[in-house]
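The next block holds one structure in the form of structure tokens; read it before the comments.
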Amino acid sequence: MPLLEAVEMTPTNKNFSVATAFMRNEQGTTYIWVLKQIKHLYVSSTMSTSNKSIINDGEPIVTITDRESRLIPVIEDVFSKSYHMLCRRHIDQNMKIWQLSSSMAPGTN
99 MPLLEAVEMT
109 PTNKNFSVAT
119 AFMRNEQGTT
129 YIWVLKQIKH
139 LYVSSTMSTS
149 NKSIINDGEP
159 IVTITDRESR
169 LIPVIEDVFS
179 KSYHMLCRRH
189 IDQNMKIWQL
199 SSSMAPGTN
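Take the sequence shown: its letters are residues 99 to 207, numbered as in the numbering used here.
Given below as structure tokens:
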């Protein structure tokens, strides 16, 4: 059962969980539903706070994900004002895997 967790960072670099969702599957329609629920939380908190630097019209300023191919277009649709970035840890892991696989490829030394 896939898990999606939304985490925020405070101005003092502390993380806290905004939402956690166990999803039926990793299909686009499921991601749309989950992200719209999270967006509703952001819109609600925008109305009750004066700190607009963290929340951009009901959207996070930045979203960071792994390279989940079905999630990325949904983020760009639901959080259209948010910048999307890839997680550095996942990029580093992918580079290590790529280096190992290319060094083991036939014809390489």
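The beta carbon of each residue, even a glycine, is placed where N, CA and C say it ideally should be. Given the structure is predicted, the values throughout are model-derived calculations rather than measurements.
| request: From the DSSP output, read off the bridge partner residues of isoleucine 162. | output: Against the sequence shown, residue 162 aligns to sequence position 64. As computed with DSSP, isoleucine 162 is found in a beta bridge with Met183.
| message | Is the beta carbon of glutamine 125 closer than 9 Å to that of arginine 165? | response | If you number the sequence shown from 1, residue 165 lands on position 67. If you number the sequence shown from 1, residue 125 lands on position 27. No, the Cβ-Cβ distance between arginine 165 and glutamine 125 is not below 9 Å.
| message | Using CA atoms only, rank isn't needed, just tell me which of Ala117, Val132, Val116 is closest to asparagine 123. | response | Within the sequence shown, residue 123 is the residue found at index 25, counting from 1. Checked all of Ala117, Val132, Val116; the closest Cα to asparagine 123 is Val132.
| query | Taking just the CA atoms, how far does serine 180 sit from threonine 161? | reply | Locating residue 161 in the sequence shown gives position 63, counting from the first residue. Locating residue 180 in the sequence shown gives position 82, counting from the first residue. So the two alpha carbons sit approximately 7 Å from each other.
| Coarse secondary structure for methionine 107, derived from DSSP in three states | If you number the sequence shown from 1, residue 107 lands on position 9. Strand, per DSSP.
| task | Name the residue from Thr127, Pro158, His182 whose alpha carbon lies nearest to the alpha carbon of serine 142. | result | Taking the first residue of the sequence shown as 1, we reach residue 142 at position 44. Considering only alpha carbons, the answer is Pro158.
| query | Would you say leucine 101 and alanine 119 are within 9 Å of each other, going by their C-beta atoms? | reply | Position 3 of the sequence shown, counting from 1, holds the residue named residue 101. Position 21 of the sequence shown, counting from 1, holds the residue named residue 119. Yes. Within cutoff.
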